[in-house]
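Heads up: the sequence lines are chains V and S, in that order.
Going by numbering that gives the first Met the number 0, the first residue of the first sequence is number 0, and it counts up by one from there.
Going by numbering that gives the first Met the number 0, the first residue of the second sequence is number 0, and it counts up by one from there.
The beta-carbon is built from N, C-alpha and C at its ideal position, and this holds for glycine as well.
Values in this document were obtained by computation on a predicted structure and should not be read as measured data.
Protein chains: 2
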Amino acid sequence: MATVVAPKDFSPVEDAETIKKACLGLGWGTDEKAIISVLGNRNSFQRKLIRLAYEEIYHEDLIHQLQSEITGDFERAMCHWTLEPADRDAVLANAALRKSKPDYRVIVEIACVGSPEDLLAVKRAYRFRYKHSLEEDVALHTKGDIRKVLVALVSAYRYDGHEIDEDVAISEAGLLHDDIYGKAFNHDELVRVLSTRSKAQLNATFNRYRDIHGKSITKGLLGDPVDEYLGALRTAVRCLRDPKEVLRRAIHKEDTDEDALSRVIVTRAEKDLKEIKELYLKRNNISLDQAVAADTDGDYKEFLLTLLGNETS
Amino acid sequence: MATVVAPKDFSPVEDAETIKKACLGLGWGTDEKAIISVLGNRNSFQRKLIRLAYEEIYHEDLIHQLQSEITGDFERAMCHWTLEPADRDAVLANAALRKSKPDYRVIVEIACVGSPEDLLAVKRAYRFRYKHSLEEDVALHTKGDIRKVLVALVSAYRYDGHEIDEDVAISEAGLLHDDIYGKAFNHDELVRVLSTRSKAQLNATFNRYRDIHGKSITKGLLGDPVDEYLGALRTAVRCLRDPKEVLRRAIHKEDTDEDALSRVIVTRAEKDLKEIKELYLKRNNISLDQAVAADTDGDYKEFLLTLLGNETS
Numbered sequence: 000m001a002t003v004v005a006p007k008d009f010s011p012v013e014d015a016e017t018i019k020k021a022c023l024g025l026g027w028g029t030d031e032k033a034i035i036s037v038l039g040n041r042n043s044f045q046r047k048l049i050r051l052a053y054e055e056i057y058h059e060d061l062i063h064q065l066q067s068e069i070t071g072d073f074e075r076a077m078c079h080w081t082l083e084p085a086d087r088d089a090v091l092a093n094a095a096l097r098k099s100k101p102d103y104r105v106i107v108e109i110a111c112v113g114s115p116e117d118l119l120a121v122k123r124a125y126r127f128r129y130k131h132s133l134e135e136d137v138a139l140h141t142k143g144d145i146r147k148v149l150v151a152l153v154s155a156y157r158y159d160g161h162e163i164d165e166d167v168a169i170s171e172a173g174l175l176h177d178d179i180y181g182k183a184f185n186h187d188e189l190v191r192v193l194s195t196r197s198k199a200q201l202n203a204t205f206n207r208y209r210d211i212h213g214k215s216i217t218k219g220l221l222g223d224p225v226d227e228y229l230g231a232l233r234t235a236v237r238c239l240r241d242p243k244e245v246l247r248r249a250i251h252k253e254d255t256d257e258d259a260l261s262r263v264i265v266t267r268a269e270k271d272l273k274e275i276k277e278l279y280l281k282r283n284n285i286s287l288d289q290a291v292a293a294d295t296d297g298d299y300k301e302f303l304l305t306l307l308g309n310e311t312s
Numbered sequence: 000m001a002t003v004v005a006p007k008d009f010s011p012v013e014d015a016e017t018i019k020k021a022c023l024g025l026g027w028g029t030d031e032k033a034i035i036s037v038l039g040n041r042n043s044f045q046r047k048l049i050r051l052a053y054e055e056i057y058h059e060d061l062i063h064q065l066q067s068e069i070t071g072d073f074e075r076a077m078c079h080w081t082l083e084p085a086d087r088d089a090v091l092a093n094a095a096l097r098k099s100k101p102d103y104r105v106i107v108e109i110a111c112v113g114s115p116e117d118l119l120a121v122k123r124a125y126r127f128r129y130k131h132s133l134e135e136d137v138a139l140h141t142k143g144d145i146r147k148v149l150v151a152l153v154s155a156y157r158y159d160g161h162e163i164d165e166d167v168a169i170s171e172a173g174l175l176h177d178d179i180y181g182k183a184f185n186h187d188e189l190v191r192v193l194s195t196r197s198k199a200q201l202n203a204t205f206n207r208y209r210d211i212h213g214k215s216i217t218k219g220l221l222g223d224p225v226d227e228y229l230g231a232l233r234t235a236v237r238c239l240r241d242p243k244e245v246l247r248r249a250i251h252k253e254d255t256d257e258d259a260l261s262r263v264i265v266t267r268a269e270k271d272l273k274e275i276k277e278l279y280l281k282r283n284n285i286s287l288d289q290a291v292a293a294d295t296d297g298d299y300k301e302f303l304l305t306l307l308g309n310e311t312s
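Have a look at this one:
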């Protein structure tokens, strides 16, 4: 369930005017709290209408306006939040690829957490925005085995029904075990199974794997912790099997990774952030709200807490 | 341009009734000519409405009805024709995969001839009809290098804009040449470039290849004529560069391949069959109509000639 609190009644024009006024700031600089109070409490459809109203009234893109008024982590999180979800994922994917060391976790999350239609919408948005396919940019910025698995995962257009084939689950559980046991991690079969089978089928296969071999497939994929290829395979298995746990892990780190924290909160606040919060509390013995409050500050902190469902002060 | 001749005015209900009457046959068996005269002269939207009207009036699927009334090549061609285009390609792909020796050409054609959106529509139809993704069924029915290239090609969701990057064209022309010259045909780079780049970009790359190396890339991919993997790569390059020529080749064989003949006429009659006919005449010194008339007979012949734009007798 969502954590973001959005009113049923709202006026896109009034909201656009409130934001403009907050940006003008009446001599005291930008009124960030007003911006948070409006945009942090609107769902994606409402934000879309506000952005359209803003463009219509002020002939200016709301996101460009925000970029010129606010800065740092707060700016990045607010701009990502204001984008439409598929377009936001396209921007996140591109940013992850352009890092000096591409962040493969973001690519795996985008490829494996959502539905096949979600991924397709991201690929469409990516093509529109960057004039390349997501696949070719993934290929451009990576190489070797990690490239093979990432290109296959973003290329997937899986079946999304619930039917499963038990025989396939058993035979492919054996096949995955052969690959892993033989440490043939870059074997094409492993990549092929992970990137073409439906989530329901993969879950059946992972379950059979555990039944037959007495341990989970992710255990078999443990290895050198800095081996990105194995990391990508483990992340993919987890995203396909239990995305909420992956997202909880992404935000639970010794050193808070601002990118991951902001990404998970912004992308999940309208989806399943409530369940991720529950899982976080259960596993970490501290609520996500407390963790965010301790690790962040200022407008950025207030914005994230608003998306987490806290009343704006 | 299309060859099929469809009237502007038509009545789905009248057409459905005409077909039903033709199937009942009034004691003389099915009236195939009447069926050809109706369905062979309707475009895909009109056929869809006729199928809906037929279902509504007779509580029976038109295609099931046709299957129980007609037989052989004529039945297959007529049923394919009556299906919606994306669904038809899904059926053709499945049939090609289920052959004792899968027909990779059909898969490559479906993956590379149409637009990225066309391929996506086929993949959607395939999932709906067979409860598997096209990717997983391609992987199931093939193996080795041919599997690698076919899975990658059907997974593609290319950028479809016209922008090209000349630097990429030059560097990838070199990369393809290195792969081919080194006879590393199963090299991942070759498959990656062919399956992720936009058609415009690939055409630029193929042109640079020819400029730099003095011969076409398909020449470099010549080899053992029974090597399916090389054949698939050549077909893919041709489909991406000049689909009409591939389709012309598909129907020009010493022994007429009924599958290919029927497939090309049925799938292209509403698209570019006119240009394919022109190309056929230019290269083969005989018109496609004459070739079809000489190689086929009966209702099947009459149906194909109708789709080729000949008046129904």
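Exposure label - residue i; buried when at least 16 CB within 10 Å
{"i": "residue 312/S", "result": "Annotation note: pLDDT 49 at residue 312/S (below 50); position unreliable, coordinate value reported separately. The residue is exposed, with fewer than 16 neighbouring Cβ atoms inside 10 Å."}
{"i": "residue 306/V", "result": "buried"}
{"i": "residue 0/S", "result": "exposed"}
{"i": "residue 118/V", "result": "buried"}
{"i": "residue 6/S", "result": "exposed"}
{"i": "residue 282/S", "result": "exposed"}
{"i": "residue 142/S", "result": "exposed"}
{"i": "residue 224/V", "result": "exposed"}
{"i": "residue 113/S", "result": "buried"}
{"i": "residue 70/V", "result": "exposed"}
{"i": "residue 219/S", "result": "buried"}
Residue i versus residue j: straight-line alpha-carbon distance, rounded
{"i": "residue 227/V", "j": "residue 62/V", "result": "34 angstroms"}
{"i": "residue 288/V", "j": "residue 200/V", "result": "35 angstroms"}
{"i": "residue 12/V", "j": "residue 261/V", "result": "28 angstroms"}
{"i": "residue 161/S", "j": "residue 196/S", "result": "12 angstroms"}
{"i": "residue 16/V", "j": "residue 53/V", "result": "8 angstroms"}
{"i": "residue 278/V", "j": "residue 90/V", "result": "27 angstroms"}
{"i": "residue 58/V", "j": "residue 303/S", "result": "57 angstroms"}
{"i": "residue 189/S", "j": "residue 272/V", "result": "42 angstroms"}
{"i": "residue 131/V", "j": "residue 27/V", "result": "43 angstroms"}
{"i": "residue 171/S", "j": "residue 123/V", "result": "24 angstroms"}
{"i": "residue 209/V", "j": "residue 236/V", "result": "13 angstroms"}
{"i": "residue 202/S", "j": "residue 32/S", "result": "44 angstroms"}
{"i": "residue 299/S", "j": "residue 191/S", "result": "41 angstroms"}
{"i": "residue 177/V", "j": "residue 230/V", "result": "19 angstroms"}
{"i": "residue 99/S", "j": "residue 263/S", "result": "22 angstroms"}
{"i": "residue 181/V", "j": "residue 152/S", "result": "29 angstroms"}
{"i": "residue 35/S", "j": "residue 301/S", "result": "8 angstroms"}
Sequence-distant residues of its chain with Cβ nearer than 8 angstroms to residue i (five each side left out)
{"i": "residue 315/V", "result": "Residue 315/V lies beyond the stretch modelled for chain V, which goes from 0 to 312, so this question has no answer here."}
{"i": "residue 140/S", "result": "96, 97, 101"}
{"i": "residue 265/S", "result": "76, 79, 80, 87, 306"}
Coarse secondary structure for residue i, derived from DSSP in three states
{"i": "residue 312/V", "result": "Reliability of the predicted coordinates at residue 312/V is poor, the pLDDT of 49 falling under 50, and no value is obtained from them."}
{"i": "residue 79/S", "result": "helix"}
{"i": "residue 269/S", "result": "coil"}
{"i": "residue 242/V", "result": "helix"}
{"i": "residue 11/V", "result": "helix"}
{"i": "residue 275/S", "result": "helix"}
{"i": "residue 247/S", "result": "helix"}
{"i": "residue 19/V", "result": "helix"}
{"i": "residue 50/V", "result": "helix"}
{"i": "residue 70/S", "result": "coil"}
{"i": "residue 282/S", "result": "helix"}
{"i": "residue 29/S", "result": "coil"}
Cut-off 6 angstroms between Cβ atoms - residues of its own chain near residue i, not counting five sequence neighbours on either side
{"i": "residue 88/V", "result": "109, 121"}
{"i": "residue 247/S", "result": "275, 278, 279"}
{"i": "residue 104/S", "result": "234"}
{"i": "residue 193/V", "result": "235"}
Close-in-space but distant-in-sequence residues of the same chain around residue i (CB under 7 angstroms, 5 per side omitted)
{"i": "residue 267/V", "result": "246, 275"}
{"i": "residue 138/V", "result": "146, 150"}
{"i": "residue 37/V", "result": "14, 17, 18"}
Output, in sequence order along the chain, the residues in the stretch 125–140 of chain S whose CB is closer than 7 angstroms to any CB in chain V.
126, 130, 131, 132, 134, 135, 138
Between the stretch 148–166 of chain S and chain V, which residues of the former have a C-beta closer than 8 angstroms to a C-beta of the latter?
150, 151, 154, 155, 156, 157, 158, 159, 160, 162
Below 8 angstroms between beta carbons is the criterion; list the residues of the stretch 273–305 of chain V that meet it against any residue of chain S, in chain order.
none
Counting only Cβ-Cβ distances shorter than 7 angstroms, please list the residues of the stretch 171–196 of chain V near chain S, keeping chain order.
187, 191, 195, 196
Anything in the stretch 214–228 of chain V with a Cβ closer than 8 angstroms to a Cβ of chain S? List those residues in chain order, please.
none
Within 9 angstroms of chain S by C-beta, residues of the stretch 93–124 of chain V in sequence order:
115, 119, 122, 123
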